[in-house]
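*Asks:* Got a structure for you, questions after.
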């Protein structure tokens, strides 16, 4: 079997670390149609056209996450997801109203749509990870070859690009690094100089051949949209990706960016980038730490008082960016009403409250402990002890619970690193 014939199956059957990182770095965005979240934004946010319920998006994303990590087949993906969608009324064709246009449209999830969602996300994640791997090896293999699967389903434009070689830093790849459309099966191979000689290949340049072209959004929507086109010197034709695919998902992820104001959760700082320093640390005063051995209720009430709440009074607290935190005694009680507090951090309740009320940073991230893909906010406050030791007060708040800890630099490999708490999308940073 040829390499091209097994490439996509190979992608589905592996857990490429970079592909997993790419998918996990994507958040979610609520959109009516996939074109509403255009090109580079698509690489940074997870969206399913027409799905406007966050919990449904989380269900889909959670199953895709498992598929990419574990090599799940589409049949398994559908078998796991379909019952969830049926329970929530999102299986089959549904009549919904676009809130802005008033247009009625069927936006239910069908087997065909699920297959498109599955294949597009798995392959896009794999190719974005593949891009990072190739970039790490450009010193040895700087020549990149476009490879299409040549069969009856191959798009004419992709067939024309098959076998073309460009340097890794040629602007061609900014627009044509696969996938270049829904269900695109193309890939890129990295070559060295010997590969070019052995394959009798000639490296091309896109200089002077990239242009902007207008193409219809879709078969039904003939409104023109701009994409990057390539004037092919061999065929004389101008080749363009499908609308919405004129970008490189891997490069959009790798490149540092300032996120736009949308309901998306990109990873602000990829793991290869150093994190910016925190603001000057606040002094950790002894009055903020309660003595050990106190009743659990006393620790809980110290935390509640910081927000103006008590055991009988609940408050809705808005953080520095306007997000709500439900502050009440239930945070520290079991379902039977018994008081409970976290062991080692019980006495640090006031410090954890300070992290939420006056944070240095707020990060938004997917809770990796939840298979359902729940979103959590992580409030981070840097602290100084009287001994000059620096640490972090971290309060994590999400829809299914909360947790908090005061962390200091790890003394052994088995301890949690404070810096590990600074991940996901940086929602807020103290100026």
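Residue numbers (the UniProt record's numbering): 1 to 431. Even glycine gets a Cβ: it sits at the ideal position worked out from N, Cα and C.
#1: So, for residue 324: in the same chain, excluding its five sequence neighbours on each side, which residues have a beta-carbon less than 8 angstroms away from its beta-carbon?
#2: Between residue 202 and the rest of its own chain, which residues show a CB-CB distance below 8 angstroms, the 5 nearest in sequence each way excluded?
#3: Pick from 331, 178 and 292: whose alpha carbon is nearest that of residue 144?
#4: Bridge partners for residue 398 per DSSP, in chain order?
#5: Report buried or exposed for residue 243, applying the criterion of at least 16 other Cβ atoms within 10 angstroms of its Cβ.
#6: Below 7 angstroms CB to CB, which residues in the same chain sit around residue 327 once its five sequence neighbours on both sides are set aside?
#7: In three-state terms, what does DSSP make of residue 393?
#8: Taking only the alpha-carbon atoms, compute the straight-line gap between residue 333 and residue 80 and give it to the nearest angstrom.
#9: How many angstroms separate the CA atom of residue 161 from the CA atom of residue 142?
#10: Looking only at its chain, what residues have a beta carbon closer than 8 angstroms to the beta carbon of residue 291, apart from the 5 residues adjacent to it on each side?
#11: Assuming residue 355 contacts residue 380 (C-beta within less than 8 angstroms), just tell me the rounded distance between them.
#12: What three-state label does DSSP hand residue 104 in the structure shown?
#13: Return the chain-ordered list of same chain residues with a C-beta closer than 7 angstroms to the C-beta of residue 422, the five sequence neighbours on each side being excluded.
#14: Which of the three DSSP states, helix, strand or coil, is assigned to residue 406?
#15: Only counting runs of 4 or more residues, tell me where the alpha helix (DSSP H) segments fall wholly within the UniProt domain "Phage head morphogenesis" (58-188), in order along the chain.
#16: Can you give me the C-alpha to C-alpha distance between residue 384 and residue 352, rounded to a whole angstrom?
#17: Going by DSSP, name the residue or residues bridged to residue 299.
#18: Under 8 angstroms by Cβ, that's how I've got residue 241 and residue 199 pegged, so tell me the actual separation to the nearest angstrom.
#19: The alpha helix (DSSP H) spanning residue 192 covers which residue range?
*Replies:* In short:
#1: Here residue 324 is taken as the residue at index 324 of the chain shown, counted from 1. Here the set comprises 316, 317 and 318.
#2: Taking the chain shown and counting its residues from 1, one reaches residue 202 at position 202. So the qualifying residues of the chain are 165 and 196.
#3: Translated into the one-based positions of the chain shown, residue 144 becomes position 144. Of the listed residues, the one whose Cα sits closest to residue 144 is 178.
#4: Position 398 of the chain shown, counting from 1, holds the residue named residue 398. In the DSSP output, where bridge partners are listed per residue, residue 398 has 401.
#5: Here residue 243 refers to the residue found at position 243 of the chain shown. Residue 243 should be labelled buried.
#6: Stepping through the chain shown from its first residue, residue 327 is reached at position 327. Closer than 7 angstroms at Cβ, skipping near neighbours: 304, 307, 309, 314, 315 and 317.
#7: Within the chain shown, the letter at position 393 stands for residue 393. Strand at residue 393.
#8: In the chain shown, counting from the first residue as 1, residue 333 sits at position 333. In the chain shown, counting from the first residue as 1, residue 80 sits at position 80. For residue 333 and residue 80, the distance between alpha carbons rounds to 34 angstroms.
#9: Position 161 of the chain shown, counting from 1, holds the residue named residue 161. Position 142 of the chain shown, counting from 1, holds the residue named residue 142. Whole-angstrom Cα-Cα distance: 18 angstroms.
#10: Here residue 291 is taken as the residue at index 291 of the chain shown, counted from 1. Excluding residues within five positions, the ones whose Cβ falls inside 8 angstroms are 347.
#11: Looking up residue 355 in the chain shown gives position 355. Looking up residue 380 in the chain shown gives position 380. Residue 355 to residue 380, Cβ: 6 angstroms. Contact.
#12: For this step, residue 104 is matched to residue 104 along the chain shown. Residue confidence is low: residue 104 scores 35 on pLDDT, short of 50, so the model does not pin down where it sits. No coordinate-derived value is stated.
#13: Position 422 of the chain shown holds residue 422. So the list reads 275, 361, 363 and 380, once near-sequence residues are dropped.
#14: Sequence index remark: in the chain shown, residue 406 carries index 406 (1-based). In the structure shown, residue 406 sits in a strand (DSSP, three-state: E or B).
#15: 74-87, 111-135, 156-161 and 172-176
#16: Locating residue 384 in the chain shown gives position 384, counting from the first residue. Locating residue 352 in the chain shown gives position 352, counting from the first residue. Going from the Cα of residue 384 to the Cα of residue 352 covers about 14 angstroms.
#17: Residue mapping note: residue 299 aligns to position 299 of the chain shown, counting from 1. In the DSSP output, where bridge partners are listed per residue, residue 299 has none listed.
#18: Residue 241 sits at position 241 when you count from the first residue of the chain shown. Residue 199 sits at position 199 when you count from the first residue of the chain shown. Not quite, the Cβ-Cβ distance comes to about 25 angstroms (not below 8 angstroms), so this is no contact.
#19: On the chain shown, position 192 is the one that residue 192 refers to. Segment: none, residue 192 is in no alpha helix (DSSP H) and carries neither H nor E.
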